[in-house]
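Position one of the sequence shown corresponds to residue 3 (the numbering used here), numbered consecutively onward. This report concerns only the one structure given below.
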Amino acid sequence: MIRLGVHIRFLSTIRAENPGATLDREGTVMLAHRASGGKALLAELDPDRVSRLFGGREAARLPARDRPSLSALHRELAAVRSRGFATNEEQTERNVLAVGMTI
């Protein structure tokens, strides 16, 4: 995936063969602060850059329910930096838990 402002776009996916696995997400756009891979990408940014992204015009156009608390986002991204990976527990899809990291 790549980050596009406050969003991420899936470039490619590898889908598990399990019938209950998530769908192919190639081309799908999601909010970066909700997807595990998006959080991993955001954690690589300077905290000031994250504040500008989520305090700027692009984030202001999001519905209020989709705008993260900056303090909570900074705490979560600090945890991602510390442990080396990000998690998503039903933040993008019900019954889906995900782990993401940058390579």
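Just so it is clear, CB atoms sit at the ideal spot from N, CA and C, and this is done for glycine as well.
Across the segment 89–99 and the segment 57–65, are there enough close Cβ pairs to call them in contact, namely three or more that are closer than 8 Å? no
Between the Cα of L6 and those of E28, D26 and A34, spot the shortest distance and give me the residue it belongs to. A34
Counting only runs that start and end within the segment 16–94, where is the alpha helix (DSSP H) found for 4 or more residues in a row? 38–45, 49–56, 59–62 and 72–85
Within 10 angstroms of the Cβ of P70, are there 16 or more other Cβ atoms? Answer buried if so, exposed if not. buried
Residue range of the unbroken beta strand (DSSP E) whose run includes R96: It is not in any beta strand (DSSP E) - R96 carries neither H nor E in the DSSP assignment.
According to the neighbour-count rule (16 or more other Cβ atoms, all chains shown, within 10 Å of its Cβ), is N20 buried or exposed? exposed
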